[in-house]
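Residue 7 is where the sequence shown starts when you use our numbering, and the numbers rise one by one after that. Report on the structure given below.
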Amino acid sequence: MLTLFTAKGSCGRASHIALEESGLAFEVQVIDLAHGDQRAPEYLTINPKGRVPALITTSGVLTESPAILFYIASMATAVNLMPKDDPFALAALQSFNAYIASTVHVAHAHGRRASRWADAPQAIASMQAKVAENMTACFRHIETNYLFGEWVMGSAYTIADPYLFTMSGWLKSDGVDIADFPKIADHYARMKERPAVRRALAAEG
Ligand SMILES: N[C@@H](CCC(=O)N[C@@H](CS)C(=O)NCC(=O)O)C(=O)O
């Protein structure tokens, strides 16, 4: 049995959806970031970084969304969530997920979590003022270079899809109109209809 720690509206949503798609047995624990649950001593024993997601497996705890997504896709046997037998295609998928984690997510975090990088109110306001511009650049890159089939990596649904879906859900609060990216807007609308996505969103509360 796997246990995923996530939070409503967080990047943990991608791993949660992937678990729902995977056919693997799992349970989910939704913690409250606004309440500070991620810094509670019991949670820090699971993830000392004080962040979600964290996945408890029979081999140990995994953190970092790309690693968790990769593990879920590796363990899933009922469905194919990544191109396991094609090294280049698998690396290209990892490249996309690494871009989300290292660039897109970080561009978004400069809005809500600007105090991670600066203390001066002026510096914080300055970083927050760049969020819409940076998220727009990220999504322009994705719109131009991905989604040449129904899904992020082409014709097959992969672990890149719930990750993009999760980031797309943040655009509105970042001051970016998803309609400016027609392929991504279409992807977001189709993802919302998937039973696995509906189940994950309902479980988040
Ligand atoms: N690089 C990590 C980022 C994890 C992360 O920053 N998660 C956020 C939610 S989206 C969080 O737990 N924030 C709580 C906090 O900053 O206190 C990943 O991709 O899993």
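Every residue, glycine too, gets a C-beta built ideally from N, C-alpha and C.
On a CA-only basis, which of the options is nearest residue i? Give me that one, please.
i, options, result
"Asn103", "Leu177, Asn86, Thr172", "Thr172"
"Arg118", "Ser16, Met7, Thr12, Leu8", "Ser16"
"Gly263", "Ala135, Ser161, Thr51", "The chain is shown from 7 up to 211; residue 263 falls before or after that span and cannot be answered."
"Ala64", "Ala98, Leu10, Arg57", "Position check: residue 64 holds Thr in this sequence, whereas Ala was assumed. If we check each option's Cα against that of Thr64, Leu10 comes out closest."
"Gly42", "His114, Phe154, Lys55, Gln128", "Lys55"
"Ser80", "Ser179, Ser21, Glu48, Leu170", "Ser21"
"Thr109", "Phe145, Ala46, Pro201, Ala40", "Phe145"
"Tyr49", "Asn151, Arg205, Thr69, Met133", "Thr69"
Taking all protein chains shown into account, do 16 or more other C-beta atoms lie within 10 angstroms of the C-beta of residue i, making it buried, or fewer, making it exposed?
i, result
"Met88", "buried"
"Val85", "exposed"
"Ser174", "buried"
"Asn53", "buried"
"Thr164", "buried"
"Ala31", "exposed"
"Ala46", "exposed"
"Ala40", "exposed"
"Ala126", "exposed"
Quick one, are the C-beta atoms of residue i and residue j less than 9 Å apart?
i, j, result
"Ala82", "Glu27", "yes"
"Leu75", "Leu8", "no"
"Lys189", "Glu139", "no"
"Val58", "Ala13", "yes"
"Ile78", "Val203", "no"
"Arg19", "Leu153", "no"
"Gly157", "Asp167", "Checking the sequence, you will find Trp at residue 157 rather than Gly. A contact, by the Cβ cut-off of 9 Å."
"Ala143", "Ala113", "yes"
"His111", "Val137", "no"
"Leu98", "Met141", "According to the sequence provided, residue 98 is Ala. The question's Leu does not apply to it. It is not a contact, given that the beta carbons lie outside the stated cut-off."
"Trp123", "Ala131", "no"
Within a Cβ cutoff of 6 Å, which residues of the same chain sit near residue i, ignoring the five residues on either side of it in sequence?
i, result
"Ala107", "Ser71, Pro72"
"Ala95", "Pro89"
"Ala191", "Ile184, Ala185"
Ignore the nearest five residues each way along the sequence and tell me which others in residue i's own chain have a CB closer than 7 Å to its CB.
i, result
"Gly211", "Lys14, Val36"
"Tyr194", "Phe171, Ser174, Ile184"
Among the residues of its own chain, which have a CB less than 8 Å from the CB of residue i, if the five just before and after it don't count?
i, result
"Gly29", "Ala82, Thr83, Ala84, Val85"
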